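First up is the structure itself, then whatever we jot down about it.
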Amino acid sequence: MDRTEFLKRMGLLAGGALVVGCLGGCRREEEEDMAPSVLNRDFTLDLTAPENSVLGQDGGSRIVQQVLVVRTAPGQFAAVASTCTHQGGTVQFQAGSGDLRCPVHGARFALSGAVSSGPAPRPLQQFNTQLNGDLLRVFS
Ligand code: FES
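Each residue of the sequence shown is one higher than the one before, starting from 214 at the first, in the working numbering.
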């Protein structure tokens, strides 16, 4: 093998090592934080509408515009981002335990959005709720 061929081979090996290293590093970051950082939301749900009837009972929940809305007690609601901060699974309300769970890898969250157990790296964004008669406003 002459000097030129040797250098070409070394260049290919070094380039290949860089690509593999980058893929591993980039992939790791994506796996750990898939949710959008901040959602700007401001919508109103008519609780008399058929699609919102599930919110007429305690423990009822519905996802609207990537926000999980849960009725926690008569006249009281919680709202958090529905996208898990780990790898983007859709978080669900667990009526039995009263918390939120991601079915993909089992992360758990409080109704405030705080992480109760991993692998989620950060909390779910929490939204404000305001009830006026039968109209529930959900906003950032
Ligand atoms: S996507 Fe992994 S715990 Fe939610």
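Idealized CB from N, CA, C, for every residue including glycine. Values in this document were obtained by computation on a predicted structure and should not be read as measured data.
#1: What do you reckon, are the CB atoms on Ser295 and Asp312 nearer than 8 angstroms?
#2: Throw me the rounded Cβ distance for the His299 and Pro332 pair, which I believe falls under 8 angstroms.
#3: So what's Ser266 in DSSP terms, helix, strand or just coil?
#4: Since Thr261 contacts Arg350 with CB under 8 angstroms, what's their CB separation in whole angstroms?
#5: By Cβ distance, which residues of its chain are closer than 6 angstroms to Gln307, with the 5 residues on each side in sequence left out?
#6: Where does Cys235 land, buried or exposed, given buried means 16+ other C-beta within 10 angstroms?
#7: Among Gly272, Asn345, Pro334 and Gly309, which has the Cα closest to the Cα of Ser250?
#8: Please work out which residues of its chain come closer than 6 angstroms, Cβ to Cβ, to Gly272, disregarding the five sequence neighbours upstream and downstream, and give them in chain order.
#9: From the beta carbon of Leu281, is the nearest beta carbon of chain B less than 8 angstroms away?
On the basis of the supplied data:
#1: Translated into the one-based positions of the sequence shown, residue 295 becomes position 82. Translated into the one-based positions of the sequence shown, residue 312 becomes position 99. Their beta carbons are not under 8 angstroms apart, which means Ser295 does not touch Asp312 by this criterion.
#2: On the sequence shown, residue 299 is found 86 positions in, with the first residue counted as 1. On the sequence shown, residue 332 is found 119 positions in, with the first residue counted as 1. About 5 angstroms separates the Cβ atoms of His299 and Pro332, confirming a contact at the 8 angstroms cut-off.
#3: For this step, residue 266 is matched to residue 53 along the sequence shown. The DSSP-derived three-state label of Ser266 is helix.
#4: Looking up residue 261 in the sequence shown gives position 48. Looking up residue 350 in the sequence shown gives position 137. About 15 angstroms separates the CB atoms of Thr261 and Arg350; that is not less than 8 angstroms, and the two are not in contact.
#5: Position 94 of the sequence shown, counted from the start, is the residue given in the question as residue 307. Excluding positions up to five away in sequence, the list reads Arg314.
#6: Along the sequence shown, one-based indexing puts residue 235 at 22. With a pLDDT of 39 at Cys235, under the threshold of 50, the modelled position of that residue is not reliable, and the figure given next carries that caveat. Classification for Cys235: exposed.
#7: On the sequence shown, position 37 is the one that residue 250 refers to. Ranking the options by Cα distance to Ser250, first place goes to Pro334.
#8: Looking up residue 272 in the sequence shown gives position 59. Only Ala308 meet the Cβ criterion.
#9: The chain labelled as chain B is not found in the depicted structure, where only one protein chain is given.
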